[in-house]
Structures are given as C-alpha cells and as structure tokens.
Amino acid sequence: MTSGVNSSNVDTAVPKYLTTLLDDLDATWGGWFGELGWGDPAPGRVLIESGTSFATECIDEDGASNRIPSDEANAFFCGVDEEPNGQGQETEGSIVLPVDTFAAIWDGNVFGVPSPIVGDFTAAIVVAHEYGHNVVFRMTEAFDIPERRLPQGKNSELFADCLAANWAATAYQRDGLGPKEILQVATLLPIIGDTGGAMGHGSAVERARALTIGLTGPQFNRQGQPVDCLQRYWPEFFEVS
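Numbering (my numbering), first residue to last: 56 to 296.
Here is the structure:
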C-alpha cells in the first residue's frame, strides 16, 4: 500500500491512498467478522476533499458549526453519520477523514504539529485507529451492549490503538512493514499522546504499549490478536448481562 504521494500529485494521490487503506481495513476486519458470523463491519466513508466541508451529526452543541473543513486538524469516527461504505451502501457509522490534513502529513505536519519523520504509515495508523472505533461500534451493535459495558475512560482510545496494531500485524505478514514504518509510529506517539493537562487518549507510553500488544501479543512473542486487545482494554465485553 505505497501512496506515491509527492508535492505534484497530492490532490489525487492522497484520496486514492486513503481509499486503499479503507479497502484493506474492510477486507481485514471483514474476514474476522465473517469468521465469527458478526456481519459486515465496513463503515461509511467521508473523504473531505480540498476546499470542501462535511456536516457531521456528531456536533450538535448550540451555536457550534457542525461543518468540518478539509483542513480540520482531526480525523474521527461518528456513529450517527450515515454515508456510503466502500460498496456504495448507505451505512450508519462513518469514518471522517479531512484530505488536506492528511496531505500535510507528508510535509511533516501531523495534525498541526511538526514531525521530522513521517510517511505512508503515519497516515495509515491514524486511519486504522479510527477504524478501531468503528470495530467497537459494530461489536456493540452485534451484541446489543449497553453503555455501561463499553470500554471505560482512556481504554476506549487505547483499545482503538491496539486494534490498529492488529491490522498492522497483518500488513507486516504481507511484508508491508519494516523499520522505517515502526520509526514513523514511534515519532507519531508523542504527538498523539496526552501531554500536560490533556486527558483521555493515554500517554505516549500507554499508547506505545497498546500498539505493541496489538502487534506482538501481551508476551511480545507472536502476532497480536483482537482477543489480546479485548482482554486488556475491554474486559467489560466479557461480562454477563
């Protein structure tokens, strides 16, 4: 999944790469869901093209605009946005990716923060993290899980990190990862980890641990599995109603 992004083709190469990533995530998680009889996890997709905006239903505060621009310094999953999935089917629960923000990654600007080491996998792990939130949403639907049994506190974000690394482990098995990609993730962690007074996502160390468990299992001796992430970050999933 090489992006081929350069300064002359960002308008076409970035949306194409994001679409390729989502296709691969659909195939990877679709295989797991299919084996377990859980249905199709494919989310709706929103790629906010350069110069456009998207009205999300996840912002409903009085006086706040719900329009997300193409350079919004964030990517997110919204459980109430209903948009076409990769097969063109309207699907409740969508991943929203602002294209200009992702294009800036290859220029060393990661969500408004300068980063000396960036590349294709920097963008990929961010998309895979948002897909992790989608996986939780689909599992919650499949098992009719009440809110009290959802991942608690920062475990919600750490679980998404762990699931992102589950996907990355499959990419590694397909020779899609190497030291360069691991270094990109290591450089990303201080940017996306909670610092100062920020709370909710986990520190860089906690996020590194979640990614490592997802990639190599809790004992660091094999390819990580979704059950490893469930046991560590979503133990409430196993509770009896």
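Where is the CB? At the ideal position from N, CA and C, for every residue including glycine.
Asked: Is Ser-47 buried or exposed, if buried means 16 or more other CB atoms sit within 10 Å of its CB?; Found: The structure shown has nothing for residue 47, since the chain only spans 56 to 296.
Asked: With DSSP run on the structure shown, which of helix, strand or coil describes Gly-163?; Found: coil
Asked: Taking the alpha carbon of Thr-242 as the reference point, which residue from Trp-222, Glu-145, Phe-176 has its own alpha carbon closest?; Found: Phe-176
Asked: Taking the alpha-carbon of Ile-160 as reference, which of Val-282, Pro-290, Asn-61 has the nearest alpha-carbon?; Found: Asn-61
Asked: Grab me the residues of Ala-195's own chain with a C-beta within less than 8 angstroms of its C-beta, minus the 5 sequence neighbours each way, in chain order.; Found: Note that residue 195 is Thr in the sequence shown here, rather than Ala. Leu-205.
Asked: Would you say Asn-140 touches the ligand HEM, meaning its beta carbon is less than 7 angstroms from a heavy atom?; Found: The model on display carries no ligand, and the ligand HEM is accordingly not part of it.
Asked: Compare the C-alpha of Glu-291 against each of Thr-271, Gln-207, Phe-275 and name the closest.; Found: Gln-207
Asked: DSSP three-state label for Ala-97, please.; Found: coil
Asked: In its own chain, which residues sit with a C-beta less than 7 angstroms from the C-beta of Gly-252, not counting the 5 before and 5 after it?; Found: Reliability fails at Gly-252, whose pLDDT of 46 lies under 50, so the model's placement of it is uncertain and the value that follows must be treated cautiously. Nothing meets the Cβ criterion.
Asked: Determine whether the beta carbon atoms of Pro-273 and Leu-218 lie at a separation below 8 angstroms.; Found: no
Asked: Going by DSSP, which residues form a beta bridge with Ala-110?; Found: Arg-122
Asked: Can you tell me whether Gln-144 is buried or exposed, with buried defined as 16 or more other CB within 10 angstroms of its CB?; Found: exposed
Asked: In this structure, how does DSSP classify Trp-289 when only helix, strand and coil are distinguished?; Found: coil
Asked: Buried or exposed: which applies to Leu-102, given that a residue is buried once 16 or more other Cβ atoms fall within 10 Å of its Cβ?; Found: buried
Asked: Among Cys-133, Gln-142, Gly-279, Ser-170, which has the Cα closest to the Cα of Leu-152?; Found: Cys-133
Asked: Could you check what DSSP says for Glu-147 in three-state terms: helix, strand or coil?; Found: strand
Asked: Return the bridge partner residues of Ile-103 from the DSSP annotation.; Found: Pro-153
Asked: Could you pull the start and end residues of the beta strand (DSSP E) that Pro-139 belongs to?; Found: 131 to 139
Asked: Answer yes if the stretch 104 to 115 comes into contact with the stretch 80 to 92, meaning at least three C-beta pairs across the two stretches below 8 angstroms, and no otherwise.; Found: no
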